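In the numbering used here, the protein residues as written are 41 to 175. Glycine included, every Cβ here is placed at the ideal spot set by N, Cα and C. Bear in mind that the values here come from a model prediction, so they are computed numbers and not experimental data.
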């Protein structure tokens, strides 16, 4: 996730890997005007949507990693999310019910360097970018 201070242009990015660390899906897109908390939620929502649409949903676990403690807390415990994010958290909840095996973990910001680059690139994208490697 990336944003330009306060409620300004924001982009999200992410990488979905299979258990052996091979990259399977890469995404980057603009989400318009948002703060960092909203951008983190949109990035998680995008990851859940892509995973539920993938071939791996029935054979692999989704491990969502975020450097946002709030994102981890609100995805793990939706009732703790502020009311202004409830609509997005509810959408994530609906998708989570369809995924047999998932978890969310807090990670260090330094571990998300590539994701941050994708998110920064997403700020100015007119169209979203997605790359899927199926094998």
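Bridge partner(s) assigned by DSSP for residue i
i: residue 56; result: 65
i: residue 105; result: 145
i: residue 170; result: 67
Host alpha helix (DSSP H) of residue i (start-end)
i: residue 76; result: 76-92
i: residue 128; result: 126-136
i: residue 157; result: 153-162
Spatially closest choice to residue i from the options, by CA coordinates
i: residue 143; options: 102, 174 and 122; result: 102
i: residue 109; options: 146, 69, 141 and 57; result: 146
i: residue 106; options: 53, 169, 49 and 173; result: 53
i: residue 56; options: 104, 99, 48 and 78; result: 104
i: residue 86; options: 120, 132 and 137; result: 132
i: residue 121; options: 137, 62 and 78; result: 78
Beta-carbon proximity of residue i to residue j, cut-off 8 Å
i: residue 51; j: residue 160; result: yes
i: residue 89; j: residue 162; result: no
i: residue 139; j: residue 172; result: no
i: residue 92; j: residue 135; result: yes
i: residue 100; j: residue 166; result: no
**Study point:** Touching by the beta-carbon criterion (3+ pairs, under 8 Å), the region 74-93 and the region 118-130
**Key:** yes
**Study point:** Given 8 Å, three or more beta-carbon pairs between the region 150-159 and the region 109-118
**Key:** no
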